[in-house]
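The structure appears right after this line, and notes come after that.
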Amino acid sequence: MSVAKNIYPIFDKMLSREAKERVLNQKAKVFWLTGLSGSGKTTLAIQLERQLHELGYFTQLLDGDNIRSGLNANLGFSDEDRTENIRRIAEVSKLFLNCGVITIACFVSPTKAIRSQAQQIIGDDFVEVFVDTPLSVCEERDVKGLYKKARAGEIKDFTGISAPFEAPESAEIHLHTENKSVKESVKELLDAVLPMINAKS
Numbered sequence: 001m002s003v004a005k006n007i008y009p010i011f012d013k014m015l016s017r018e019a020k021e022r023v024l025n026q027k028a029k030v031f032w033l034t035g036l037s038g039s040g041k042t043t044l045a046i047q048l049e050r051q052l053h054e055l056g057y058f059t060q061l062l063d064g065d066n067i068r069s070g071l072n073a074n075l076g077f078s079d080e081d082r083t084e085n086i087r088r089i090a091e092v093s094k095l096f097l098n099c100g101v102i103t104i105a106c107f108v109s110p111t112k113a114i115r116s117q118a119q120q121i122i123g124d125d126f127v128e129v130f131v132d133t134p135l136s137v138c139e140e141r142d143v144k145g146l147y148k149k150a151r152a153g154e155i156k157d158f159t160g161i162s163a164p165f166e167a168p169e170s171a172e173i174h175l176h177t178e179n180k181s182v183k184e185s186v187k188e189l190l191d192a193v194l195p196m197i198n199a200k201s
């Protein structure tokens, strides 16, 4: 990507993230939920955000379909567009992070390279959350009917069917959801998240 000339960033003159975190009484993080379509990422993210809100935390939820209906509406699902999709999301997440906001991002982000790109942009406060749900379970749910279409050849390059999903090997938070209720998985996620965002920790 070429870098535009005549650009003079003012990052060093802006109000610091630490100052904003003090006002919000929290530590900002980006919790990046990755997993197959239908694994439960969005369901867990919604419940996590609501529980954090009830506890007095200031959050922002970024979800794949929401982002693709607005900011990234011009992108498809080619390798190049997937990479650009994640790059933009990571940059937006970094903006929220620098505002002291706890950001919950849920995206399939199927390859190690694409998640590494997000981590490099966001930095040390990128927390990878692997929502580990077997393909068979995701297909049984098939809430959006996407697996059925993918199996029928109506959707090309569909992760888990005609495109690979590279599971994280060392996610900071690893949720095995197959034999757990949503309530149990949310509690496990919340218990892992709270120590990371507590301003006193």
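Position 53, counted from 1, in the sequence shown is what UniProt numbering calls 53; the numbers after and before it change by one each time, with no gaps. For every residue, glycine included, the Cβ atom is placed at its ideal position computed from N, Cα and C. Nothing here was measured: the structure is a model prediction, and the numbers come from that model.
Notebook entry, point to check: Run through DSSP, which three-state label would A19 get?
Noted result: What you label residue 19 is simply residue 19 of the sequence shown in a count that begins at 1. In the structure shown, A19 sits in a helix (DSSP, three-state: H, G or I).
Margin query: Suppose only complete runs of 3+ residues qualify. What are the beta strand (DSSP E) ranges in the segment 125-188, listed by chain order?
Written below: 126-132 and 173-176
Next item on the list: Would you tell me roughly how many angstroms separate the C-alpha atoms of R17 and S136, rounded to the nearest one?
Entry: The residue you call residue 17 lines up with position 17 of the sequence shown. The residue you call residue 136 lines up with position 136 of the sequence shown. R17 and S136: Cα-Cα distance of roughly 43 angstroms.
Item checked: Same chain, Cβ closer than 7 angstroms to residue 202, five either side skipped, listed in chain order -> Nothing about residue 202 can be reported from this structure: the residues present for the chain run from 1 to 201 only.
Checklist line | V101 (DSSP reduced to helix, strand or coil) | finding: Taking the first residue of the sequence shown as 1, we reach residue 101 at position 101. Looking at V101 - three-state DSSP - the assignment turns out to be coil, as it is neither helix nor strand.
Checklist line | Straight-line gap, T133 to T159 (C-alpha atoms, nearest Å) | finding: To locate residue 133, count along the sequence shown from 1; it is residue 133. To locate residue 159, count along the sequence shown from 1; it is residue 159. The straight-line gap from Cα to Cα measures roughly 13 angstroms.
Notebook entry, point to check: Could you give the residue range of the alpha helix (DSSP H) that holds D65?
Noted result: Here residue 65 corresponds to residue number 65 of the sequence shown, with the count starting at 1. Per DSSP, D65 belongs to the alpha helix (DSSP H) from G64 to R68.
Margin query: With H, G and I counted as helix, E and B as strand and the rest as coil, what does DSSP make of N6?
Written below: Taking the first residue of the sequence shown as position 1, residue 6 is located at position 6. Coil.
Check: By DSSP, does V30 sit in helix, in strand, or in coil?
Finding: As a working mapping, residue 30 is identified with position 30 in the sequence shown. Correct three-state label for V30: strand.
Note to self: Contact defined as beta carbons within less than 8 angstroms: I believe S39 pairs with T177. What is the distance between those atoms, to the nearest angstrom?
What the structure shows: The sequence position of residue 39 within the sequence shown is 39, counting from 1. The sequence position of residue 177 within the sequence shown is 177, counting from 1. Correct: roughly 7 angstroms between the Cβ atoms.
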